[in-house]
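Asker: Chains as they are written, first to last, in the numbering used here: chain G, 189 to 460; chain Y, 189 to 460. Even for Gly, the Cβ is constructed at its ideal location relative to N, Cα and C. Since the model is a prediction, treat every value here as computed from it, not as a measurement.
Number of protein chains: 2
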Amino acid sequence: MKRTAFFLSDGTGITAETLGHSMLSQFSGVVFEQITLPFVNSHETTAEAVARINEAAERDGARPIVFSTLVNEEHREILSRCRALILDMFAVFLGPLEEELGVRSSHKVGQSHSIRDHEAYRIRMEAVHFALDNDDGARTRHYDMADIILIGVSRSGKTPTSLYLALQFGLYAANYPLTEDDFDDLRLPKALLPHKDKLFGLTIDTERLAAIRSERKAGSRYASQRQCDMETRALEALFNRYNIPSINATELSIEEISTRILAKTGLQRRLQ
Amino acid sequence: MKRTAFFLSDGTGITAETLGHSMLSQFSGVVFEQITLPFVNSHETTAEAVARINEAAERDGARPIVFSTLVNEEHREILSRCRALILDMFAVFLGPLEEELGVRSSHKVGQSHSIRDHEAYRIRMEAVHFALDNDDGARTRHYDMADIILIGVSRSGKTPTSLYLALQFGLYAANYPLTEDDFDDLRLPKALLPHKDKLFGLTIDTERLAAIRSERKAGSRYASQRQCDMETRALEALFNRYNIPSINATELSIEEISTRILAKTGLQRRLQ
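(1) Where does G/V238 fall in DSSP's three states?
(2) G/P226 touches chain C at which residues, Cβ-Cβ below 7 Å?
(3) State the DSSP-derived secondary structure class of Y/E221, mapped to helix, strand or coil.
(4) Under a Cβ-count criterion, where at least 16 other Cβ atoms within 10 Å of its own Cβ denotes burial, should Y/R446 be classed as buried or exposed?
(5) Quick check on this structure: which residue in Y/R251, Y/A245, Y/I266 and Y/I336 has the alpha carbon closest to the alpha carbon of Y/E232?
(6) Anyone know if the C-beta pair for G/L374 and G/Y364 falls short of 8 Å?
(7) Label Y/V259 either buried or exposed according to how many other C-beta atoms from any shown protein chain fall within 10 Å of its C-beta, with 16 as the threshold for buried.
(8) Y/F357 by DSSP, collapsed to three states: which one?
(9) Quick one: what's got a C-beta closer than 8 Å to G/A411's C-beta in the same chain, skipping five residues either side?
(10) When the Cα of Y/L376 is compared with those of Y/L359, Y/F357, Y/L338 and Y/R269, which residue comes out closest?
(11) Straight-line CA distance for G/T347 to G/E261?
(12) Would you check if the distance between the CB atom of G/A437 and the CB atom of G/G325 is smaller than 8 Å?
(13) Does any C-beta atom of chain Y lie closer than 8 Å to the C-beta of G/Y352?
(14) When burial is assigned at 16 or more other CB atoms within 10 Å of the CB, is Y/D335 buried or exposed?
(15) Going by DSSP in three states, G/V254 sits in which element: helix, strand or coil?
(16) Measure the C-alpha to C-alpha separation of Y/V288 and Y/L423 and round it to an integer number of angstroms.
(17) Could you tell me if G/F195 is buried or exposed, where buried requires 16 or more neighbouring beta carbons within 10 angstroms of its beta carbon?
(18) In this structure, does DSSP put Y/F281 in helix, strand or coil?
(19) Could you pull the start and end residues of the alpha helix (DSSP H) that Y/I432 belongs to?
(20) Going by DSSP in three states, Y/K405 sits in which element: helix, strand or coil?
(21) Could you check if Y/D321 is buried or exposed, using at least 16 other CB atoms within 10 Å of its CB as the buried criterion?
(22) Output, in chain order, the set of chain G residues within a Cβ distance shorter than 7 Å of Y/F281.
(23) Among Y/D276, Y/L225 and Y/R429, which residue has its Cα nearest to the Cα of G/L281?
(24) So which residues on chain Y does G/I202 lean against when the C-beta distance must stay under 8 Å?
(25) Inspect the CB distances between the segment 442–457 of chain G and the segment 238–248 of chain Y and report whether three or more fall short of 8 Å.
(26) If the cut is a Cβ gap below 9 Å, which residues of chain G does Y/R312 touch?
(27) Could you check the C-alpha separation between Y/I303 and G/E246 for me, to the nearest Å?
(28) Does any residue of chain Y bring its CB to less than 8 Å from the CB of G/F471?
(29) Between Y/D323, Y/C416, Y/V228 and Y/T328, which lies nearest to Y/P382 when the distance is taken from Cα to Cα?
(30) Any beta carbon from chain G within less than 8 Å of Y/L338's own beta carbon?
(31) Is it the case that the Cβ atoms of Y/F318 and Y/Y360 are separated by a distance below 8 Å?
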């Protein structure tokens, strides 16, 4: 069975997409073609969206699913005439919220980002540049400013996680790769010792690590099962020895790794 | 008026937060204390959540607002007893979806990320490393692999936007800073010329640019109004001359910049 799902928004479409992905993932037996229609904020763009939705209905022989975060009432009225199941976030939640809060909502378009004001932008930008400057152990002298220092073997997901922590939560996340040299004597590198309380470990299953590394350097010692096995074992021993909190990132998305780190460390985000 | 808002989830909480931020932003007159409670996936954690919500109700003298994406029915039943307005995403949308699709949903916890599987993880990881390697004009020899090359003056948001495009959409985004040397003769740098079709410009208002640069190097020529004015004017002239598409990023969040770039270029994301 195939269906088309539309994520419709007067803004970026991120809220509609996030909501939609979440709901659709509950129907693993259905294949959805997913189309995001952002910036639907005029009569014309709404009419275009309706046309695309109706075309999909025709083509699929079944009603598309439309996740909508449109705010404007006229545009929602135009949309309501299309041949689809419309899941309208504002219709469902805004009424109860207005009643509870005892005020009318602004019905303003494109308000969804709390991260649009200048101060928030600055925090984010600084955090991103901190993550870049302190990626992969490139520099260690600014670790006193770090909120967290991720450690793990090469290709265990430290870099994307650091960047996600910076972009999403405004956190100052450094990362430092542990290598064979560090495993020889099972000691933390000198640069990390003064910041032991900020260290957080990422572990990964040996097979998965070897697979990831093989995509980069197939057939190399670096990507061999034996080498990956040695590194992951030594890493766990090191974490145990120094009592460093860690999570196994093997089956987790970057979002999951990041939010689990927050939950486990109690680290407060700098951005809401 | 102050209220506490909870974003409650059995997973990362990202869907509940995104939805919640979107809805709450419609009530600009109300101050919300926002608390995310992720990984609520047992009787115990649900009971803890209920306790925290009830404490907030007591403290505020008003019912908290709870955005919930809990899937498990028993946990939702426990949650329903707390003193709050509960906006339950699954209760509202799952029924109509099941009816439309003619199948029961899996009611499985933590399914929200389409980006959790290994192939998607690989795409994301490669895209992030591409963005890092090709940040700030560091290298230009891999531009044939780029999906897009962002250009603009220093501190106009190129780096965070490149990273967001990589993390969120899996796109290979390079960025290259244009400087005084490039403005002297209003010619594109040689490294960019063969890739003209991939160029996308970010512009920014002079005052805002000066403010951002001043946070970094207050009182410098680099941060002066005069310098920023010269650069932003020359940049626009360059974009006009070469017919390079661009957007003004001054009042936009990184999400907005990124999604507008997609909308304007028609670039297809590599990740859903």
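Answerer: Here's the rundown:
(1) Here G/V238 sits in helix by DSSP.
(2) Of the protein chains in the structure, G and Y, none is chain C.
(3) Y/E221 falls in the strand class under three-state DSSP.
(4) Note that residue 446 of chain Y is Ser in the sequence shown, not Arg. Under this definition Y/S446 is a buried residue.
(5) Of Y/R251, Y/A245, Y/I266 and Y/I336, the residue nearest in Cα terms is Y/I266.
(6) If you check the CB distance, G/L374 and G/Y364 do not come in under 8 Å.
(7) Answer is buried; the Cβ neighbour count reaches 16.
(8) The three-state secondary structure of Y/F357, taken from DSSP, is helix.
(9) Only A398, R401, S402, R404 and K405 meet the Cβ criterion.
(10) Comparing Cα positions, the closest option is Y/L338.
(11) Cα to Cα, G/T347 sits roughly 43 Å from G/E261.
(12) Taking 8 Å as the cut-off, the beta carbon of G/A437 is found no closer than this to the beta carbon of G/G325.
(13) Closer than 8 Å: yes.
(14) Counting Cβ neighbours within 10 Å, Y/D335 comes out buried, since at least 16 surround it.
(15) Strand.
(16) For the sequence presented, residue 288 of chain Y should be read as Glu rather than Val. Straight-line Cα distance between these residues: approximately 52 Å.
(17) By the 10 Å Cβ count, G/F195 comes out buried.
(18) In the structure shown, Y/F281 falls within a helical segment according to DSSP collapsed to helix, strand and coil.
(19) That residue, Y/I432, is in no alpha helix (DSSP H); it is neither H nor E in DSSP.
(20) In the three-state reduction of the DSSP assignment, Y/K405 falls in the coil class.
(21) So Y/D321 counts as exposed.
(22) Ordered by position in chain G, the residues that pass the 7 Å Cβ test against Y/F281 are M211 and L275.
(23) Contrary to the premise, residue 281 of chain G reads as Phe rather than Leu in this sequence. If we check each option's Cα against that of G/F281, Y/D276 comes out closest.
(24) The answer, in chain order, is T206, E443 and T447.
(25) Because the criterion of three Cβ pairs below 8 Å is not met, the segment 442–457 of chain G and the segment 238–248 of chain Y do not touch.
(26) For Y/R312, the chain G residues whose Cβ falls inside 9 Å of its Cβ are P348, S441 and I442, in order along the chain.
(27) Since pLDDT at Y/I303 reaches only 46, below the 50 mark, its modelled position is unreliable, and no value is offered.
(28) For chain G, the structure presents residues 189 to 460; residue 471 of chain G sits outside this window and is missing.
(29) The shortest Cα separation from Y/P382 among Y/D323, Y/C416, Y/V228 and Y/T328 belongs to Y/T328.
(30) Residue contact check for Y/L338 against chain G: no CB pair falls below 8 Å.
(31) Cβ atoms of Y/F318 and Y/Y360: closer than 8 Å.
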